[in-house]
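Chemist:
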Amino acid sequence: MINVRTPQEVEALRLRLEQSGIGRTNPRAHSAIRDFEDGLDLEESAARAVRHEAAAREMWISNALDPWAKRHGLTRAQALSVAFDDSAFNPANPQRDQVTLKDLHGWSGQEHGFAAYLMGEGRVEVADEVDNEAAPRPAG
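If you read the sequence shown in this note's numbering, its first letter stands for residue 4, the second for the next number, and so on.
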């Protein structure tokens, strides 16, 4: 038997996902809605999307952000500042950008609230492999 979800039920799931930081255009939101329409209950659909989003973010941190920060001698917090301010920072040659917001978003597939999520959840300090005493990001 196929469960038919009303538009109101689907909207309730969308709102639950948005409250969890998963926007309407996020692939995890689309997957959760499909699961919900296929019969999974609202709570489990939302929980699954949140778990998958957390795993995707952790993968991005491990595969993109941390290696890039280490390569450039930045802490994770500095790397996030560089990446999401869209003003790249090259300690060797400040006139030449090394990365832009577009690059980092392209690598991550994340939405614009991702840096805020990392900062808000305290993820910036966790497993920061680069020396936390590194010089602060220069102005200008």
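For glycine and all other residues, C-beta sits at the position ideal for the given N, C-alpha and C.
Give the single residue among R27, L43 and R17 whose Cα lies nearest to the Cα of V7.
Modeler: L43
Chemist: By the 10 Å Cβ neighbour count, where 16 or more other Cβ atoms means buried, how is S48 classified, buried or exposed?
Modeler: buried
Chemist: In the DSSP assignment, the alpha helix (DSSP H) including V13 goes from what residue to what residue?
Modeler: P10 to Q22
Chemist: Quick check on E128: buried or exposed, where buried means 16 or more other Cβ atoms within 10 Å of its Cβ?
Modeler: Model confidence at E128 stands at a pLDDT of 42, short of 50, so the residue's coordinates are unreliable; what they give is reported in the following sentence. If you draw a 10 Å sphere on the C-beta of E128, you find fewer than 16 other C-beta atoms in it, and that means exposed.
Chemist: Which same chain residues end up closer than 6 Å to E40 when comparing Cβ atoms and leaving out the 5 residues on each side of it in sequence?
Modeler: R8
Chemist: Considering just the uninterrupted stretch of the alpha helix (DSSP H) at S34, what are its terminal residues?
Modeler: P30 to E40
Chemist: My output table needs one value for S90: the three-state DSSP class, helix, strand or coil.
Modeler: For S90, the predicted structure reports a pLDDT of 47, less than 50, and the residue's modelled location is therefore unreliable. A value from the coordinates is still provided. In the structure shown, S90 sits in coil (DSSP, three-state: anything other than H, G, I, E or B).
Chemist: What does the alpha-carbon distance come out to for the pair A50 and P70?
Modeler: 29 Å
Chemist: Mapping DSSP to helix, strand and coil, what is R27?
Modeler: coil
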